[in-house]
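Asker:
Number of protein chains: 2
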Amino acid sequence: MKIVVLKFGGTSVGSIDKIKNVANIIHYYLKKKYKVIVVSSAMSGVTNDLVNKSRKISNNFCDSEYDILVSSGEQVACSLIAGRLLHKGLKSRTWLGWQIPIITHGPHKQSRIIQINKKKIMDYLKEGGIPIITGFQGVNKDSRVTTLGRGGSDASAIMLAKFFNAEKCVIYTDVQGVYTTDPNKLSNAKKIKEISYEEMLEMASLGAKVMQPISIQDARLNKVDIEVKSSFVRKTGTLITKRANIINNKIITGISSTQNDSKVSLIGVKDKPGVAASIFRPLSKNLINVDMVVQNISPNGRETDLTFTIKSDDLNKTKKIIKENKSINFRKLIFKKGVSKISIIGVGMITTPGVTFRMFQALAENRINIQVISTSEIKISVLIDKRNVKKALTALHKEFKLDY
Amino acid sequence: MKIVVLKFGGTSVGSIDKIKNVANIIHYYLKKKYKVIVVSSAMSGVTNDLVNKSRKISNNFCDSEYDILVSSGEQVACSLIAGRLLHKGLKSRTWLGWQIPIITHGPHKQSRIIQINKKKIMDYLKEGGIPIITGFQGVNKDSRVTTLGRGGSDASAIMLAKFFNAEKCVIYTDVQGVYTTDPNKLSNAKKIKEISYEEMLEMASLGAKVMQPISIQDARLNKVDIEVKSSFVRKTGTLITKRANIINNKIITGISSTQNDSKVSLIGVKDKPGVAASIFRPLSKNLINVDMVVQNISPNGRETDLTFTIKSDDLNKTKKIIKENKSINFRKLIFKKGVSKISIIGVGMITTPGVTFRMFQALAENRINIQVISTSEIKISVLIDKRNVKKALTALHKEFKLDY
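In order, the protein sequence lines correspond to chains A and B. Residue numbers for the first sequence follow this note's numbering, so the first one is 2 and each next one is one higher. Residue numbers for the second sequence follow this note's numbering, so the first one is 2 and each next one is one higher.
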């Protein structure tokens, strides 16, 4: 049995016309002799509206009731899709999480799927039915409705693809795929045909718009190939798969950039155990997201310089915390707004020497100063002045032959 | 265990503030040492919006998917009520139909509750919990979500009151109760303290605004006392109960009137079996609702006069059907727009002679001509010119001592 899981995001089912379009997409796969399992999110805007209602009821709305509340959105979208397929003379019905059941574990609002009972859906597929399954939700051992957290419909689709051994899992969304870099920043950006889970994870700043990192991780762990594509344009999307499946002679797969960061440098910090923790603990407590962290080797063995980046929105809060916290010792504090992190990402760099050099040279040739450097196995990130972002993207996109 | 079932209609949960108010009402019963079972409708407007969506998807939207679609509305309202009670430090949760379960029988969109599993809810009540149960829905033997049809939340409340042997079932709505006559037509109208199921059924034209006749019938068959009251005003409402429970020295309980009817008279119809059917069959087929039907005794044994009333909106359609249908034989056809039906209703008339005479005399004294008369065990209806409605209501309201 050739099974495909099709997942439609909120914008793909955002109106009656779009739902009719979704029914046509499903029909297309049927004609190609696929058995189709559909997963749908709530119509765009609905979940936010429900969440706002809950906030007006209580500033501390109960998690289990939150799950009952927001899970209603997918129920509506699914019934409209099934209703449309039936209108077209096809056999279809909505399957709610508890009807299958899709068993979850863990706390409300952030449960995880641990088991999917295949029997009923498999029988239904054999009868020629098209199951429309509510994404983002399941039911726990106590028969309580649970949700999987934001982006949870992707997780539903991935787990269904795994349990039903689907040929692929297609995530329909409002973008055409994953790009070599943000097309809004560089018109030369190209759609990537194939990308590995690891690269996709590293490209989070781009990828977050397409899929939540946790869903990519789900797909990686469960070895589910994902095609990300648009439900509005009939074009091939981007396949997210494991490294070994990728035929790609490019060293670099994509380039990501951040928009509006600030750099914080603490000069002359005592170089002893626990110092970094004493700095980052109060920031973490205040929900300040620290990104790049670089610590230089202490030249005299007693003092060191520590640099990290944060979102510029958090700058004032960060200043206050560092200045008020007496346990943090340093000689000098430097803040700098208006920096951007540029990262080149690609599994190809593991086996290709000189990638770092080529990156630095390309930037140098364009007179772009590198402020901080940080590297991982498949990513090199540099911090530059945000005014140079476009110049840097253009140079690197060309250097690593992503332009064509 | 002193149990009360509180049912809140769409307008009672129509906004965040109204839901907060509902939580206060529930709290009030708890303070009076009641164990409270809550049933809620969807927030006002929600169900209509969902139904409109289904119509845009298909002009023949599948019934089982319709049930999935519209049942989402109660789910939202219930979670918000439970969320608010939890916010107030009370123990509460939403119970969806399938979680209890509430078992239904019959076709989708018009299922009937046949069984309610008491165990889980009873345990929950004993633990001090306040169950918030989705009205209007249940689950059938095949684990499919079903709905009970319009007004179905009342049916849910009544069946819960029956199965849990509740002291009473309170239906919260946007009117303060049932009135002796429509307060919009007669400012002298008084709220009725107690009314029998049968009277309530006969007062359909008034009662429909308060409760669907089918729900009143449910309450009657299951011997459930119902109090209808407003969720916005803290006043006693109207108790709907069985005749024997009513302490009432009034002969007439209420007076109803219709707004805009038309009278159709067929003069000189052949007086033989099947004639009435040949007239009403085509009307019924065209969904024309025929109300009063009066057939005079044929003076010569061969011909008779037949009169009936319809809504004035249906007049043109009715004319066309009668004129075009060759199987209907008559000598003369008379149509008259602008008539109203005035009915006096009361179980007291069974044991009190002379009620008909008093009604006719009161109208005659006010020079109101009676065009047609029809009677049942607890109701007398007359057809009058619609210009005389207010005069008639005033006269009858006074005659039967309903003014105080």
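Every residue gets a Cβ at the ideal spot worked out from N, C-alpha and C, and that includes glycine. It should be emphasised that the depicted structure is a prediction, and the values quoted were computed from it without experimental measurement.
Cutting at 8 Å between CB atoms, please list the residues of its own chain near A:Ile193, excluding the five before and the five after it.
Answerer: Result list for A:Ile193: Gly178, Val179, Tyr180, Thr181, Thr239, Thr254 and Gly255, in chain order.
Asker: Taking buried to mean at least 16 other C-beta atoms within 10 Å of its own C-beta, is B:Tyr29 buried or exposed?
Answerer: exposed
Asker: Whole angstroms is fine: what's the gap from A:Ser328's alpha carbon to A:Lys186's?
Answerer: Roughly 42 Å separates the two Cα atoms.
Asker: Counting only beta-carbon separations shorter than 8 Å, does B:Asn406 have a partner in chain A?
Answerer: Limits of chain B in this structure are 2 at one end and 405 at the other, which puts residue 406 of chain B out of reach.
Asker: Where B:Val373 and B:Ile252 are concerned, what is the direct C-alpha to C-alpha distance, given to the nearest angstrom?
Answerer: 23 Å
Asker: Is the Cβ-Cβ distance between A:Asp386 and A:Val340 less than 8 Å?
Answerer: yes
Asker: Checking the sheet assignment: what are the DSSP bridge partners for A:Ser341?
Answerer: A:Ile385
Asker: Looking at the unbroken alpha helix (DSSP H) that takes in B:Val37, where does it start and where does it end?
Answerer: B:Val37: not part of any alpha helix (DSSP H); member of the beta strand (DSSP E) spanning Lys36 to Ser41, first to last residue.
Asker: Under a three-way DSSP split, which group does B:Thr105 fall into?
Answerer: DSSP places B:Thr105 in strand when its eight states are reduced to three.
Asker: I'd like to check one pair, A:Ser382 with A:Ile351: are the Cβ atoms closer than 8 Å?
Answerer: no
Asker: With a threshold of 6 Å on Cβ separation, who are the neighbours of B:Leu51 within its own chain once the five nearest residues in sequence on each side are excluded?
Answerer: Leu70 and Val71
Asker: Find the residues of chain A that neighbour B:Lys127, judging by a C-beta separation of less than 8 Å, and give them in chain order.
Answerer: Taking a Cβ-Cβ cut-off of 8 Å, B:Lys127 has no neighbours in chain A, whose nearest Cβ is about 18 Å from it.
Asker: Per DSSP, which residues does B:Leu240 bridge with? Please list them.
Answerer: Partner(s): B:Glu195 and B:Glu228.
Asker: When you compare the CB positions of B:Ala24 and B:Ile115, do they come within less than 8 Å of one another, or not?
Answerer: no
Asker: Checking the sheet assignment: what are the DSSP bridge partners for B:Glu304?
Answerer: B:Lys271
Asker: Hey, B:Glu400 and B:Ala363 are a contact pair by Cβ (cut 8 Å); roughly how many whole angstroms apart?
Answerer: 4 Å
Asker: So which residues of chain B does A:Thr95 contact, with C-beta pairs closer than 7 Å?
Answerer: Glu66 and Ile69
Asker: Identify the residues that DSSP records as bridge partners of B:Cys170: which are they?
Answerer: B:Val6 and B:Ile227
Asker: Taking the beta strand (DSSP E) that B:Ile155 falls in, what are its first and last residues?
Answerer: In the sequence under discussion, the amino acid at residue 155 of chain B is Asp, which differs from the Ile named in the question. Here B:Asp155 belongs to no beta strand (DSSP E); instead the alpha helix (DSSP H) covers Gly153 to Phe164.
Asker: Please list the terminal residues of the continuous beta strand (DSSP E) segment that includes A:Met360.
Answerer: Careful: A:Met360 lies outside any beta strand (DSSP E), inside the alpha helix (DSSP H) at Val356 to Glu366.
Asker: For my contact list, A:Thr310 and A:Gln296 are in at a C-beta cut-off of 8 Å; report their separation, rounded to the angstrom.
Answerer: Wrong, their Cβ atoms sit about 13 Å apart, outside the cutoff.
Asker: List the residues of chain A whose Cβ lies closer than 8 Å to the Cβ of B:Lys411, in chain order.
Answerer: No information on residue 411 of chain B is available, as it lies outside the stretch 2 to 405 that chain B covers here.
Asker: Please list, in chain order, the chain B residues whose beta carbon lies closer than 7 Å to that of A:Lys57.
Answerer: Ile17
Asker: Take A:Ser375 and list the residues in its own chain whose beta-carbon comes closer than 7 Å to its own, dropping the five residues that flank it on each side.
Answerer: Met293, Val295 and Ser382
Asker: Taking Cβ-Cβ distances shorter than 7 Å, what residues in chain A pair up with B:Ile20?
Answerer: Ile58
Asker: Taking Cβ positions, are B:Glu195 and B:Ile159 nearer each other than 8 Å?
Answerer: no
Asker: State the CB to CB distance for the pair B:Leu394 and B:Lys264, rounded to an integer number of angstroms; the pair is presumed to be in contact (CB under 8 Å).
Answerer: In fact, because the Cβ distance is near 19 Å, the residues do not count as touching under 8 Å.
Asker: So which residues of chain B does A:Gly84 contact, with C-beta pairs closer than 8 Å?
Answerer: Ser55, Ile58, Ser59, Phe62, Cys63, Glu66, Tyr67 and Leu70
Asker: With 8 Å set as the bound, which would you pick, yes or no: does the beta-carbon of B:Ser144 sit closer than that to a beta-carbon of chain A?
Answerer: yes
Asker: If the criterion is Cβ atoms closer than 8 Å, does the pair B:Asn152 and B:Gln218 meet it?
Answerer: The question names Asn, yet the displayed sequence has Gly at residue 152 of chain B. Cβ distance not < 8 Å, so B:Gly152 and B:Gln218 don't count as in contact.
Asker: For A:Ser377, write down the residues that DSSP places opposite it in a beta bridge.
Answerer: A:Lys380
Asker: List the DSSP bridge partners of B:Phe336.
Answerer: B:Val265
Asker: Tell me the residue span of the alpha helix (DSSP H) that contains B:Gly255.
Answerer: Unbroken run through B:Gly255 is the beta strand (DSSP E), Gly255 to Ser258; no alpha helix (DSSP H).
Asker: Throw me the rounded Cβ distance for the B:Ile172 and B:Val229 pair, which I believe falls under 8 Å.
Answerer: B:Ile172 to B:Val229, Cβ: 5 Å. Contact.
Asker: Can you tell me which of the three DSSP states B:Arg145 falls into?
Answerer: coil
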